[in-house]
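Residue numbering for the sequence shown is 41 to 496, as defined by the numbering used here. Glycine residues also receive a C-beta, built at the ideal position from the N, C-alpha and C atoms.
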Amino acid sequence: NTLAYGVMLIPSAFLAYIPVKLTGSHFLAYNFSIVISQFLTVTVLFLWFKELTKSRFASLIGTLTFALSQIRMLFVVHAHFFIMQWFLTSSFMIWRYTQNKKIWQLYVASLFLVIQIWDNIYLFYWTAFLGAILLFPHLKNLKKGFKHLIRISFFVVIFSLPVFNAYLSVYRQFGFAGSIRESAHFSMSFDDIWKSYISYGLYLNLLIVLLFTKKVKSGKLKDLKWILLLLFFGIVMALGPVLKLEGETFKLFGRYFIPLPYTLFYYLLPGFSALRSVHRFIWLSGLAASGIMALLFSNLVGKKKFYVGFLLIIIAIVGGVRITKTLSFPTPENYPQVYIWLKEQKGDAILEYPVYTWADENHGYEMLRMLYSSLHGKSLINGASGFMPKERDVLLAEIITDYPTMRLNQVLKEMGVDFVIVHKDEVGNEKITEFESDERLKKVWEDSKISVYSLN
């Protein structure tokens with residue numbers, strides 16, 4: 041259930057297992073997931089655009105432009121929204137079904153939908169929305185294969201049940217649901233389209249192709265319609281429940297806000313109220329924009345197509361976004377000695393002091409402590425997550441302001457804490473003296489920066 045505090049990423053964990061075991065570095069799981077996801081996402085997108093446009097050249101341009109766009113690359117720091125291959129493969133197979141009506145493709149789509157749910161349940165909604173856009177014109181054919189839809193639905197529910205149950209359990213236990221105000225806070229301002237999400241390569245390439253397009257072949261109009269619908273759907277959803285400009289709610293005559301369709305989904309769709317980062321729907325618009333560009337480019341003929349295509353590739357690369365900020369993390373043999381010592385000690389849980397919350401400048405230390413726990417294997421009172429139970433927030437707040445006290449020592453003991461690790465270089469001398477004089481704490485290890493106490 042703790043995995044259900046955020047997204048589970050279990051399929052991605054399986055993919056990263058071998059690299060982690062070979063190197064001994066748990067942090068490699070992130071880097072590997074980012075690299076393999078970009079490769080798989082580009083592969084699926086290229087195959088989809090190739091069938092969509094009937095042109096490898098057009099597919100290459102569309103794929104390259106989107107893969108390097110700000111709308112895509114901005115999410116590289118959020119692995120769960122950079123890992124898109126499961127969602128794309130499921131959607132691709134749904135689209136293929138609309139082209140040739142082969143029911144087995146919907147079965148394959150359902151398989152990748154299940155994988156997506158185990159990886160990031162948020163994108164279950166994306167698949168459902170895109171699937172609805174694609175399948176709505178084909179309702180008659182779906183009715184004919186109604187028994188297959190029942191089987192597919194049963195398959196998805198049964199194999200996703202553990203995930204749904206975990207999230208439902210967390211909801212029942214903590215009553216967590218994001219407020220409509222929180223959704224508005226994390227939504228996109230309309231001006232972010234040309235600010236935060238400006239993708240020079242994508243925008244310029246789309247504009248160039250539009251300027252060279254005089255007529256769209258009738259066979260491609262059908263696909264152009266659903267892609268345009270996806271483009272506007274993504275923008276409208278990313279704007280959240282109310283229209284915002286420059287980060288603030290826009291009000292007509294300074295009094296009346298403008299409600300948007302997201303509000304309906306928030307109140308009507310089960311689980312939708314738990315989704316927080318509304319602005320990420322812009323990803324769908326970026327996907328649609330690159331699809332429109334590839335589709336329109338495939339209409340061009342003659343030498344003009346080659347020269348324009350070559351220009352678009354240059355713009356995609358030069359106007360693309362690259363990873364420029366990286367962080368260095370220690371390898372296990374270079375972890376602080378205290379964690380190597382801790383690995384050999386009996387006990388199940390530790391508290392590292394001081395503790396940090398999202399509001400603290402040094403919250404990144406909690407990320408490192410979680411990484412170190414992969415070596416010593418002890419559970420942490422500390423840590424970081426997309427969601428924290430209120431009870432834990434209350435406990436951490438009390439530890440921050442009052443610890444060490446007799447009562448908190450007793451609380452920690454009852455929770456199963458065996459050791460308290462005090463980072464002396466992060467607290468003042470007065471606090472160190474408090475730890476030294478606490479009779480319930482016995483010092484068992486020390487170096488120049490860290491003292492470890494066992495709870496008596």
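Count the other CB atoms, across all protein chains shown, that sit within 10 Å of the CB of residue i; report buried if there are 16 or more and exposed otherwise.
i, result
"Phe152", "buried"
"Lys166", "For the sequence presented, residue 166 should be read as Trp rather than Lys. When all chains shown are included, Trp166 counts as buried."
"Asp232", "buried"
"Gly426", "exposed"
"Phe186", "exposed"
"Lys284", "buried"
"Ala399", "exposed"
"Ile134", "buried"
"Leu114", "buried"
"Trp144", "exposed"
"Val492", "buried"
"Ile455", "Looking at the sequence shown, residue 455 is not Ile but Met. By the 10 Å Cβ count, Met455 comes out exposed."
"Asp465", "exposed"
"Ala44", "buried"
"Asp458", "buried"
"Ile490", "buried"
"Gly359", "buried"
"Pro370", "exposed"
"Gly35", "No statement about residue 35 is possible, as the shown extent of the chain runs from 41 to 496 and does not include it."
"Glu406", "buried"
"His319", "buried"
"Asp263", "buried"
"Ile332", "buried"
"Trp234", "exposed"
"Val378", "buried"
"Gln110", "buried"
"Ala437", "exposed"
"Asn374", "exposed"
"Asn181", "exposed"
"Asn496", "exposed"
"Gly404", "exposed"
"Arg447", "exposed"
"Ile155", "buried"
"Phe194", "exposed"
What residues are listed by DSSP as bridge partners for residue i?
i, result
"Glu288", "Leu285"
"Lys483", "Tyr493"
"Phe459", "Ile390 and Ser494"
"Ile297", "One point to set straight first is that residue 297 is Phe, not Ile, in the sequence displayed. Beta-bridge pairing links Phe297 to Lys291."
"Leu420", "Ile390"
Need the endpoints of the beta strand (DSSP E) that residue i sits in, please.
i, result
"Leu391", "Ala389 to Tyr393"
Does any residue of chain B have a CB that is nearer than 8 Å to the CB of residue i?
i, result
"Thr105", "The chain inventory of the structure shown lacks chain B, comprising one protein chain alone."
Since residue i is in the alpha helix (DSSP H), which residue starts that stretch and which ends it?
i, result
"Asp400", "Where Asp400 is concerned, there is no enclosing alpha helix (DSSP H), given that its DSSP letter is neither H nor E."
"Phe89", "Leu68 to Thr93"
"Asn140", "Gln125 to Asn140"
"Leu528", "The requested residue 528 does not occur in the structure, where the chain is confined to residues 41 to 496."
"Gly468", "No alpha helix (DSSP H) contains Gly468, which DSSP labels as neither H nor E."
"Phe121", "Ala119 to Phe122"
"Ala53", "Ile50 to Thr63"
"Glu438", "Lys430 to Asp442"
"Thr103", "Arg96 to Ala107"
"Ala172", "Tyr162 to Leu175"
"Tyr147", "Trp144 to Asp159"
"Val378", "Gln377 to Lys383"
Cβ of residue i versus every heavy atom of the ligand ATP: is any distance shorter than 7 Å?
i, result
"Lys141", "By its list of ligands, the structure shown contains no ligand whatsoever, and the ligand ATP lies outside what it can speak to."
Quiz item: Does the pairing of the region 53–63 with the region 160–174 give three or more beta-carbon distances under 8 Å?
Solution: no
Quiz item: Below 8 Å, can you find three or more Cβ-Cβ pairs linking the region 377–394 to the region 413–424?
Solution: yes
Quiz item: Counting only runs that start and end within the region 185–250, where is the alpha helix (DSSP H) found for 4 or more residues in a row?
Solution: 186–214 and 220–225
Quiz prompt | Inter-stretch contact at 8 Å, needing at least 3 Cβ pairs: the region 336–353 / the region 96–108 | solution = yes
Practice problem: Run through the region 290–367 for me and flag every whole alpha helix (DSSP H) of 4 or more residues, listed as ranges in chain order. | Solution: 302–308, 322–337 and 343–358
Quiz item: Does the region 239–258 come close enough to the region 271–289 to have 3 or more Cβ pairs within less than 8 Å?
Solution: no
Quiz item: Three or more C-beta pairs closer than 8 Å, one from the region 58–75 and one from the region 110–129: is that the case here?
Solution: yes
Quiz item: Any contact of the region 289–301 with the region 237–245, i.e. 3+ C-beta pairs under 8 Å?
Solution: no
Self-check item: Any 3 or more C-beta pairs closer than 8 Å across the region 261–270 and the region 321–329
Solution: yes
Exercise. Pair every Cβ in the region 201–209 with every Cβ in the region 293–309, then say whether three or more of these pairs are closer than 8 Å.
Key: no
Quiz item: Do the region 79–87 and the region 56–67 meet, that is, are 3 or more Cβ pairs less than 8 Å apart?
Solution: no
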